[in-house]
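Shown next, in structure tokens, is the structure this report addresses.
There are 2 protein chains.
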Amino acid sequence: MACADLRIVLHQTSHPGNIGAAARAMKTMGLADLWLVAPQHYPDPEATARASGATDVLDSARCSASLDEALAGCVLVIGTTARERHRSAPVLDPRTAVAQARTAAGPVALLFGPERIGLTNAALDRCHYLVRIPTNPAYGSLNLAAAVQVLAYEWRMAEQPALPSGGRPPKIPPATADEMARFYGQLEQVLRQLDFFIDADNPTPLMRRLKRLFNRAALDREEYNILCGILGAIAVRKE
Amino acid sequence: MACADLRIVLHQTSHPGNIGAAARAMKTMGLADLWLVAPQHYPDPEATARASGATDVLDSARCSASLDEALAGCVLVIGTTARERHRSAPVLDPRTAVAQARTAAGPVALLFGPERIGLTNAALDRCHYLVRIPTNPAYGSLNLAAAVQVLAYEWRMAEQPALPSGGRPPKIPPATADEMARFYGQLEQVLRQLDFFIDADNPTPLMRRLKRLFNRAALDREEYNILCGILGAIAVRKE
Numbered sequence: 002m003a004c005a006d007l008r009i010v011l012h013q014t015s016h017p018g019n020i021g022a023a024a025r026a027m028k029t030m031g032l033a034d035l036w037l038v039a040p041q042h043y044p045d046p047e048a049t050a051r052a053s054g055a056t057d058v059l060d061s062a063r064c065s066a067s068l069d070e071a072l073a074g075c076v077l078v079i080g081t082t083a084r085e086r087h088r089s090a091p092v093l094d095p096r097t098a099v100a101q102a103r104t105a106a107g108p109v110a111l112l113f114g115p116e117r118i119g120l121t122n123a124a125l126d127r128c129h130y131l132v133r134i135p136t137n138p139a140y141g142s143l144n145l146a147a148a149v150q151v152l153a154y155e156w157r158m159a160e161q162p163a164l165p166s167g168g169r170p171p172k173i174p175p176a177t178a179d180e181m182a183r184f185y186g187q188l189e190q191v192l193r194q195l196d197f198f199i200d201a202d203n204p205t206p207l208m209r210r211l212k213r214l215f216n217r218a219a220l221d222r223e224e225y226n227i228l229c230g231i232l233g234a235i236a237v238r239k240e
Numbered sequence: 002m003a004c005a006d007l008r009i010v011l012h013q014t015s016h017p018g019n020i021g022a023a024a025r026a027m028k029t030m031g032l033a034d035l036w037l038v039a040p041q042h043y044p045d046p047e048a049t050a051r052a053s054g055a056t057d058v059l060d061s062a063r064c065s066a067s068l069d070e071a072l073a074g075c076v077l078v079i080g081t082t083a084r085e086r087h088r089s090a091p092v093l094d095p096r097t098a099v100a101q102a103r104t105a106a107g108p109v110a111l112l113f114g115p116e117r118i119g120l121t122n123a124a125l126d127r128c129h130y131l132v133r134i135p136t137n138p139a140y141g142s143l144n145l146a147a148a149v150q151v152l153a154y155e156w157r158m159a160e161q162p163a164l165p166s167g168g169r170p171p172k173i174p175p176a177t178a179d180e181m182a183r184f185y186g187q188l189e190q191v192l193r194q195l196d197f198f199i200d201a202d203n204p205t206p207l208m209r210r211l212k213r214l215f216n217r218a219a220l221d222r223e224e225y226n227i228l229c230g231i232l233g234a235i236a237v238r239k240e
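First to last, the sequence lines map onto chains X and A.
Residues in the first sequence are numbered consecutively from 2, following the numbering used here.
Residues in the second sequence are numbered consecutively from 2, following the numbering used here.
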């Protein structure tokens, strides 16, 4: 069945055991694309031990210092959160998030923050959607690998029966996460030239609103090119 | 919502760490009724460590030498299996099994066998149904606590009211059709000033694409104001 690929991105994981257990969880559900962004301790014997028979997933995992590298080429980024609401993006339950992800026209990144604190604001700003696993309000301390297991399980469950063909496959490929990051960079630069930021030292709140807007629109490649062209035309006129 | 209670029964578990991790998995999903039948090592510091903040579930867990005691009072017994078919009982997927369990008129036991070998034939014979978590045919080695997590998650999901798709609480009113018409008029004017239209006599095709993009994003009032502000800033600079 043709369907989006799912990439698991673990951002700044503290405990190597969780990396190994996440690799095992992935492999049980048939997933193999693992990215480790700035893990605190890796490689580590504890990771290998907890991976059990899934050391091949660990061995083929890619490591990077920045999130940009790990998200490159992904057309949809879904971040995990423990909160029910977020300013940065809509919060979906796992089943809805997976259904959304499976309609994507290219690789999808599922992003997990560090164990204690979760995703940083900068990482949240990269997400088109957030996913929250429903938990006990009195104890939401889901282990990182357990969260990977639950979401990977939902992914696999969605593979089991024939998918209802909901969304029409877009003819034009979507803009990738790295293209969108470039677009936001260029947009911020142009707004700065226009003296548009009320507080030039803190463009983040306004940029976050704009990112949320354009993430929601889920630009395709041509739309991305048009918008970059407009930004380029504004910049040229200002020189 | 009135509904059956779920008891987690771990039969002859080998590794105390798995008992602790299972307790944590249960508590995150709001479950507290844990029975340990003839665990190989328990109590054990490894169990306590892996339980993290769920030591209360461990502390209130009941231990017994026989399965009979642990299943006493349960009106439905569902055993976990890694096999797709069984002679002893129908094999359900987790979602179906949970739906079945929730219709029970009394406590339901969810039974997990020892890590390596799974439920004994004697234990299988106690089960009304079996549940199989779908796994990678090449690697079905689901950790015991991970299996508890997945099934407890399904139980909790069945308790949740479905999120409205999109999950975005519309606190800010949407931009109206006439506001959007003004925005598109302003956008066309600015693009004209920037000499952005390849064919200045026919801006319609490009404008149509941009309208489609922004309509898809379904701007709210504040986003509309921000975008109009940006267009205003570009126009002022050009004068």
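We put the CB at the ideal spot given by N, CA and C, even for glycine.
These numbers come from a predicted model, not from an experiment.
| query | result |
| --- | --- |
| Does the beta-carbon of Ile118 (chain X) have 16 or more other beta-carbons within 10 angstroms, so that it is buried, or is it exposed? | exposed |
| Could you tell me the alpha carbon to alpha carbon distance between Gln187 (chain A) and Cys229 (chain A), rounded to whole angstroms? | 8 Å |
| Taking 8 Å as the CB-CB limit, is Gln187 (chain A) close to chain X? | no |
| By the three-class DSSP mapping on this structure, what secondary structure does Leu59 (chain X) have? | helix |
| For Gly141 (chain A), which residues of its own chain have a beta-carbon under 8 Å away from its beta-carbon, when the five flanking residues on both sides are left out? | Ala83 |
| List, in chain order, every chain X residue whose beta-carbon is nearer than 8 Å to that of Pro206 (chain A). | Result: empty, since nearest Cβ-Cβ is about 11 Å, beyond 8 Å. |
| Give the secondary structure of Leu211 (chain A) by DSSP, where H, G and I count as helix, E and B as strand, and everything else as coil. | helix |
| Have a look at A:Pro206, A:Val58, A:Thr104, A:Ala219 and flag the residue whose alpha-carbon is nearest the alpha-carbon of Ala178 (chain A). | A:Ala219 |
| Reducing DSSP to helix, strand and coil, say where Gly119 (chain A) ends up. | coil |
| Using a Cβ-Cβ cutoff of less than 7 Å, which residues in the same chain neighbour Asp69 (chain X) once the five nearest sequence positions on both sides are dropped? | Asp179, Ala182 |
| Taking the alpha carbon of Ala90 (chain X) as the point to measure from, which residue in X:Trp156, X:Lys212, X:Glu223 has its own alpha carbon closest? | X:Lys212 |
| I need the boundaries of the beta strand (DSSP E) containing Leu188 (chain X), first residue and last residue. | Counting along the chain, Leu188 (chain X) falls outside any beta strand (DSSP E), though it belongs to the alpha helix (DSSP H) covering 178–194. |
| Going along chain A, which residues have a C-beta under 8 Å from Ala218 (chain X)? | Leu214, Phe215, Arg217, Ala218 |
| Name, please, each residue of chain X whose Cβ falls closer than 9 Å to the Cβ of Thr243 (chain A). | Only positions 2 to 240 of chain A appear in this structure, which leaves residue 243 (chain A) out of reach. |
| Measuring alpha carbon to alpha carbon, tell me which of X:Leu152, X:Arg217, X:Glu85, X:Ser61 ends up nearest Arg127 (chain X). | X:Arg217 |
| Given 8 Å as the limit, is there contact between the stretch 94–101 of chain X and the stretch 28–42 of chain X, that is, 3 or more CB pairs closer than that? | no |
| Output, in sequence order along the chain, the residues in the stretch 139–157 of chain X whose CB is closer than 7 Å to any CB in chain A. | Tyr140, Gly141, Ser142, Leu143, Asn144, Ala147, Gln150, Val151, Tyr154, Arg157 |
| Below 7 Å CB to CB, which residues in the same chain sit around Ala22 (chain A) once its five sequence neighbours on both sides are set aside? | Arg51, Ala146 |
| Using the C-alpha atoms, what's the distance from Ile199 (chain A) back to Ala265 (chain A)? | Within the shown structure, residues of chain A are numbered from 2 to 240, placing residue 265 (chain A) beyond reach of any answer. |
| For Leu192 (chain X), which residues in chain A fall below 9 Å Cβ to Cβ? | Ile231, Ala234 |
| Since Tyr154 (chain X) is in the alpha helix (DSSP H), which residue starts that stretch and which ends it? | 145–160 |
| With distances taken Cα to Cα, identify the nearest neighbour of Met30 (chain A) among X:Leu111, X:Ile134, X:Thr104, X:Ala105. | X:Ile134 |
| Can a CB atom of chain A be found closer than 8 Å to the CB of Ile20 (chain X)? | no |
| Which residues in the same chain as Glu1 (chain X) place their Cβ atom closer than 7 Å to its Cβ, once the five residues preceding and following it in sequence are excluded? | For chain X, the structure presents residues 2 to 240; residue 1 (chain X) sits outside this window and is missing. |
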